[in-house]
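S.K.:
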Amino acid sequence: SYRKMYDARVLDFGSSLFGEIDDLQDLTFIERPIRRSLKTAEEIDKLTVDEDLNDIERAVYLLSSGEDVQQASVIINLPILVRQNPAETFRRVVPKVREVLHVAGADMQLAAAGSFLTVLQDDIVLIQTHTHSILQIVLLNLDHRDTVVSNAWLETLLSAIDALPKDTIRQEILSPLLSKHQLSQSVPARLASCRILGKVVGKFESSIVKKDLLPLIRSLCQDVEYEVRACMCRQLENITRGIGLDHTKVEVLPELVELAQDEASTVRLAAFDTIINLLEMFDSDDRTCVIFPLVKAFCEKCFKGDEAVLASLSYQYGKLCHGLSESFTDEQHLWFLEFYKKLCCLGLQHENGHCESQPYPLELENKYALVRRNCAYNFPAIVLYADPNHFLSELYRTFSSLCHDPEISVRRTAAGGFHEVVKLLGPNVHYIHKEIIALLQDDSLEVLDALLNNIQETLELATSRGEGQVNIPDLVPALVAAEQKTASSLHWRVHEKLLQCYSCLPRVVSGDQIYFRFFQRMFSIITTNNVLPVQREAVRTLCVFLRCNRKQEQRQEIISKIKQELAQGRSYWNRLRYLDLCEITIDLFSKSYFCKHFLIPALELVNDPVANVRYKLCYMLPKLRSTIKATDKHLLQQLEFCVRKLLCREKDKDVVVTLRKVSLSLLKCGHISKVLVELLDQKKEKEETLLLEMVSDLPLV
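When the count follows full-length UniProt numbering, it moves up by one through the sequence shown with no breaks and lands on 701 for the last residue.
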C-alpha cells in the first residue's frame, strides 16, 4: 500500500512537472505573432513608392495599386491635396477615390466621409465647380448597407448644407429627393429624407417651402413606418420656424395634432416634444382650444399605461406649464398642478406620513422612479407656476414626499435643487426647515453631496429674515452628524466639501455654538484624520472660526491650543499643519495679529528634528518676512537669526537648496543682511573644499 501511495505521488509530481513544461512551451507561441508581423522583403517592396513622383501622381498610384493602409492614408489627406492643387486633385484623384469606395470597407468609408466634409466646409478652396462631383459621391453612399457608414455620410451631407449655396442645394440635393417616389425607397432612405428636409428648409423662402416641400413633408408624416413618422415629426420644429407663423397654423398644426394621437408611442412622444418646443409659435386661441385639450388627453393616456412616454412628459413638465400658463383658465391651471402632484407620487403609497414603494416589477419600478426624479428636477419651476405664496397649501406635502422618497436618485435631485426652492420661498422659507434637516441626515452620501453643492447659500437664506437671524431647530446636531458620517466613510471628497461649507457657519449659527460644538472637532480632524486635503480644509475652517469669534477669552484659549497641539505637537504631521495654518492666517488676519500670535512659534520650528518641517519653513520664509513691519526690529532679528541658524547647521540637501533660493530672493528684496549672504558663500566654499578633498582621496587607477 505504501508502494502504491509512493508511485501515485511520483506520478502526480511528474504530471504536474510535465504540465508546467508544457505551459512553458506554450509561452513560445507568444513570440510567433511578433515574428509574423515583421514585413518580408517582398512586402516591403510592395509598400515602396518611387520618390520621384509628385503628390498627385503618388496619390493616383497608391489608389490604383497600393495596399489598403496606403489608400486610407491618401483619403485621409485628401483635404491637403485639394488645398495644394485643387484642379489636378479633382481631375485625377477624386475619380480614383470614387472607384476605391465601391469596394472599400467601413473604416475607409468613414475616413472618406470626414475628408469630404472638410473639403466642402473649407472656405479657402474655391470648389464651386467641383461641388457636383463631391455631392455625387456623398449621395451615392447614403444608401450603403452598413448603417454606421450610411449615417456618417448623412452627417457629412447635413453638415455640408450650411456651407453650400442655395442653388446647389436645390439642384444637387432637393431635385433628386423630390423626383423619387418615397414609398419605393427603403426605410433608411426615407429617414435620411426626413433629416435632409429638416435641414434645408431654413435655406429657402416660405413660399418655396410651401409649394415644393410641404407635400413631401405631409407624405412622410403619414408614412406607413412609425420610425419615419417619428423622424419627420421631430423635424417639424425646424420646418415651422422656416415657414413662419402664418403657415404653421394651417399647414403644421393639423399634422402635429394627428401625430400626437398616433398609435405608436414613439410618434406620440416626438409630437409631444415638438409641441412643447413650439409653444411660443402658437397664439393664445390655439393654446387654449387646440394645445390644451391635446396635451391633457396625452397626459391622461400616459398616466394610464404609457410609462415610456411618461418619463419624457415628466421631464418636460415645467417647460410645458410655463409655456401654457398665460393662456390657462383657473380650472386648467389647477388641473395641471394636480396632475403634477400625481406624477410625484407615482408608484408610491403613503402610510403614517411616510412614502413607501408599492410592489411593482423591477423594470416598472425603475420607470416610476425616473418619473419622480424628473418631477423633483422640475419642482422649482412648478413652485413658480403655482405661486410661492400658495406653497404651504398646494405643494409642501409634495415637496416633503420628494425629500423623503425611497429612491436615492429622487432625493438627490430634490437636494440638488433645494437652494432654488429656498430662493423662491423668500420670507416663507421656514416652511421647509424640516426638509433641510432631513436631507442633511439622509442615509445616502449621494444626497448629502448634492445638497452640499449650494448649502452655504441655502443656509444663509434659510436663517435670514430682514436684518435678523432665524435659528433652524436641530441644525447644529444635523451638521455634526453629517460630518461624522462622512468622516467614517471612504468618500473623503464629500468630507472635504462639507468642511468647506462650514465656513458659512459664523453667518448661520451663534459663536458659542461654533465654539462648543465645532472647534474641538476641527482639532480632532487635524490631528487624527489620514487624508491630507481633509486635514488642510479643517485647518482653513478652524482659521475662519477663529477669525469670526468675538469673545477674547475663547480666542486666547483657541490660540493656546493651536500652539500646544500643532506648533508644539508630538507628531511632525501636526507641526506641518501648523505651518499650513500660518499660510491661511496670513491671508485672513492682519499682519500685526499674525506676528503677535503665530510668527514666533513658526520661527521656532527651525530647531525641528524632522527635515520636512524645516523644508516647509524655508519655503515659507518670504511670506513670513512679508508680515513683519520695517519698524519691528526685534522680529526682524528673530527672522535673521532663524535664517542664520539654518545656514550654519542645516545638513539636509533639499532644505539647503531651498534655503539658498529663498535667501537670494530675500536679499534681492532687502529682507536679509549681507552678513547672511557671506555665511551662505562660506558654506559653498566649505562644500567646494570638501569635494576637492574627496577627489584627492580617490585611489589612482
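Don't be surprised by glycine CBs; every beta carbon is placed ideally from N, CA and C. As the structure is a prediction and not an experimental result, all values here were calculated from the model.
(1) Among 282, 504, 483 and 506, whose alpha-carbon lies nearest the alpha-carbon of residue 495?
(2) Taking only the alpha-carbon atoms, compute the straight-line gap between residue 167 and residue 370 and give it to the nearest angstrom.
(3) Which of the three DSSP states is assigned to residue 464 in this structure?
(4) Apart from the five residues just before and just after residue 540, which ones in its own chain have a Cβ nearer than 7 angstroms to its Cβ?
(5) Which whole-angstrom value is the C-beta distance of residue 471 and residue 515, which I expect to be below 8 angstroms?
(6) If you reduce the DSSP assignment to three classes, tell me which class residue 278 lands in.
(7) Measure how close the beta-carbons of residue 321 and residue 298 come, nearest whole angstrom, since I'm counting them as under 8 angstroms.
(8) Can you grab the Cα-Cα spacing for the pair residue 88 / residue 60, in whole Å?
(9) So residue 595 and residue 627 are in contact, right, with Cβ under 8 angstroms, and what is the actual spacing, rounded?
(10) Could you give the distance in angstroms between the alpha-carbon of residue 210 and the alpha-carbon of residue 99?
(11) Among 221, 375, 603 and 149, whose alpha-carbon lies nearest the alpha-carbon of residue 395?
(12) Can you tell me the Cβ-Cβ gap for residue 574 and residue 527, rounded? I've got them flagged as a contact below 8 angstroms.
(13) Can you list the alpha helix (DSSP H) stretches of 4 or more residues lying completely in the region 132–180, in chain order?
(14) Quick check: what's the CA-CA separation for residue 412 versus residue 451?
(15) If you drop the 5 nearest sequence neighbours on each side, which residues of the same chain put their C-beta closer than 8 angstroms to that of residue 613?
(16) Which first and last residues belong to the alpha helix (DSSP H) in which residue 263 is found?
(17) Would you identify the three-state DSSP class for residue 432, choosing helix, strand or coil?
(18) Could you check if residue 334 is buried or exposed, using at least 16 other CB atoms within 10 Å of its CB as the buried criterion?
(19) By alpha-carbon positions, which one of 377, 366, 404 and 655 ends up nearest to residue 340?
(20) Apart from the five residues on each side of it in sequence, which residues of its chain come closer than 7 angstroms, Cβ to Cβ, to residue 507?
(21) By DSSP, does residue 394 sit in helix, in strand, or in coil?
(22) Starting from residue 72, follow the alpha helix (DSSP H) in both directions and report where the run begins and ends.
(23) Nearest by alpha-carbon distance to residue 383: which of 405, 366, 96 and 325 is it?
(24) Give me the residue from 650, 510, 198 and 67 with the minimum Cα distance to residue 105.
(25) Below 8 angstroms CB to CB, which residues in the same chain sit around residue 388 once its five sequence neighbours on both sides are set aside?
(26) What are the boundary residues of the alpha helix (DSSP H) that residue 235 is part of?
(27) On the CB-based measure, 16 or more other CB atoms within 10 Å of its CB, does residue 432 come out buried or exposed?
(28) Near residue 642, which residues of its chain fall below 7 angstroms by C-beta distance, leaving aside the five closest residues on each side in sequence?
(29) According to DSSP, is residue 551 helix, strand or coil?
(30) Using CA atoms only, rank isn't needed, just tell me which of 379, 651 and 227 is closest to residue 319.
(31) Under the three-state reduction of DSSP, which class applies to residue 273: helix, strand or coil?
(32) Note down, one range per segment and in chain order, each alpha helix (DSSP H) of at least 4 residues found wholly within the region 483–532.
(33) The alpha helix (DSSP H) that contains residue 618, what's its start and end?
(34) Among 95, 295 and 144, which residue has its Cα nearest to the Cα of residue 134?
(35) When burial is assigned at 16 or more other CB atoms within 10 Å of the CB, is residue 419 buried or exposed?
(36) Let me know the secondary structure DSSP gives residue 404 once reduced to three states.
M.R.: This is what the structure gives:
(1) Indexing the sequence shown from 1 puts residue 495 at position 495. Taking only the C-alpha atoms, the option nearest residue 495 is 483.
(2) As a working note, residue 167 is residue 167 in the sequence shown. As a working note, residue 370 is residue 370 in the sequence shown. Cα to Cα, residue 167 sits roughly 48 angstroms from residue 370.
(3) Locating residue 464 in the sequence shown gives position 464, where the first residue counts as 1. Here residue 464 sits in strand by DSSP.
(4) Numbered from 1 along the sequence shown, position 540 holds the residue referred to as residue 540. The answer, listed in chain order, is 584.
(5) Counting from one through the sequence shown, the residue named residue 471 turns up at place 471. Counting from one through the sequence shown, the residue named residue 515 turns up at place 515. Contact flag wrong, Cβ pair sits at about 16 angstroms.
(6) As a working mapping, residue 278 is identified with position 278 in the sequence shown. Here residue 278 sits in coil by DSSP.
(7) Walking along the sequence shown from the start, residue 321 turns up at place 321. Walking along the sequence shown from the start, residue 298 turns up at place 298. In fact, because the Cβ distance is near 14 angstroms, the residues do not count as touching under 8 angstroms.
(8) Counting from one through the sequence shown, the residue named residue 88 turns up at place 88. Counting from one through the sequence shown, the residue named residue 60 turns up at place 60. Spanning the two alpha carbons is a distance of roughly 11 angstroms.
(9) Here the question's residue 595 lines up with position 595 in the sequence shown. Here the question's residue 627 lines up with position 627 in the sequence shown. Rounded, the Cβ-Cβ distance is 6 angstroms, consistent with contact.
(10) The residue given as residue 210 occupies position 210 in the sequence shown. The residue given as residue 99 occupies position 99 in the sequence shown. If I take the Cα positions, the gap works out to 39 angstroms.
(11) Residue 395 sits at position 395 when you count from the first residue of the sequence shown. Residue 375 is the option with its Cα nearest to residue 395.
(12) On the sequence shown, position 574 is the one that residue 574 refers to. On the sequence shown, position 527 is the one that residue 527 refers to. Indeed, because the Cβ distance is near 6 angstroms, the residues count as touching under 8 angstroms.
(13) 147–161 and 175–179
(14) On the sequence shown, position 412 is the one that residue 412 refers to. On the sequence shown, position 451 is the one that residue 451 refers to. C-alpha separation (whole angstroms): 8 angstroms.
(15) Indexing the sequence shown from 1 puts residue 613 at position 613. Closer than 8 angstroms at the Cβ level, and outside the excluded window around residue 613, lie 572, 575, 576, 579 and 605.
(16) Here residue 263 refers to the residue found at position 263 of the sequence shown. Per DSSP, residue 263 belongs to no alpha helix (DSSP H) and is neither H nor E.
(17) To locate residue 432, count along the sequence shown from 1; it is residue 432. Helix at residue 432.
(18) Translated into the one-based positions of the sequence shown, residue 334 becomes position 334. Burial call: exposed.
(19) Counting from one through the sequence shown, the residue named residue 340 turns up at place 340. Ranking the options by Cα distance to residue 340, first place goes to 377.
(20) Start at 1 with the first residue of the sequence shown, and residue 507 comes out as number 507. These residues qualify, in order along the chain: 460.
(21) As a working note, residue 394 is residue 394 in the sequence shown. Residue 394: helix per DSSP, three-state reduction.
(22) Here the question's residue 72 lines up with position 72 in the sequence shown. Where residue 72 is concerned, the enclosing alpha helix (DSSP H) stretches over 68–76.
(23) The count along the sequence shown starts at 1 and reaches residue 383 at position 383. Comparing Cα positions, the closest option is 325.
(24) The residue labelled residue 105 in the question sits at position 105 within the sequence shown. The option with the nearest alpha carbon to residue 105 is 67.
(25) Against the sequence shown, residue 388 aligns to sequence position 388. For residue 388, where only same-chain residues beyond five positions count, the Cβ hits under 8 angstroms are 424, 425, 426 and 428.
(26) Start at 1 with the first residue of the sequence shown, and residue 235 comes out as number 235. Start and end: 226–243.
(27) For the purposes of this step, residue 432 is taken as residue 432 along the sequence shown, with counting starting at 1. That one is buried.
(28) Counting from one through the sequence shown, the residue named residue 642 turns up at place 642. Contacts found: 603 and 606.
(29) Locating residue 551 in the sequence shown gives position 551, where the first residue counts as 1. Correct three-state label for residue 551: coil.
(30) The residue labelled residue 319 in the question sits at position 319 within the sequence shown. Among 379, 651 and 227, the Cα nearest to that of residue 319 is on 379.
(31) Within the sequence shown, numbered from 1, the residue matching residue 273 stands at position 273. DSSP places residue 273 in helix when its eight states are reduced to three.
(32) 492–501, 511–517 and 519–528
(33) As a working mapping, residue 618 is identified with position 618 in the sequence shown. Counting along the chain, the alpha helix (DSSP H) containing residue 618 begins and ends at 611–626.
(34) The residue labelled residue 134 in the question sits at position 134 within the sequence shown. Nearest option by C-alpha distance: 95.
(35) Locating residue 419 in the sequence shown gives position 419, where the first residue counts as 1. Classification of residue 419: buried, given that the 10 Å Cβ count is 16 or more.
(36) Taking the first residue of the sequence shown as 1, we reach residue 404 at position 404. The answer is coil: DSSP assigns residue 404 none of H, G, I, E or B.
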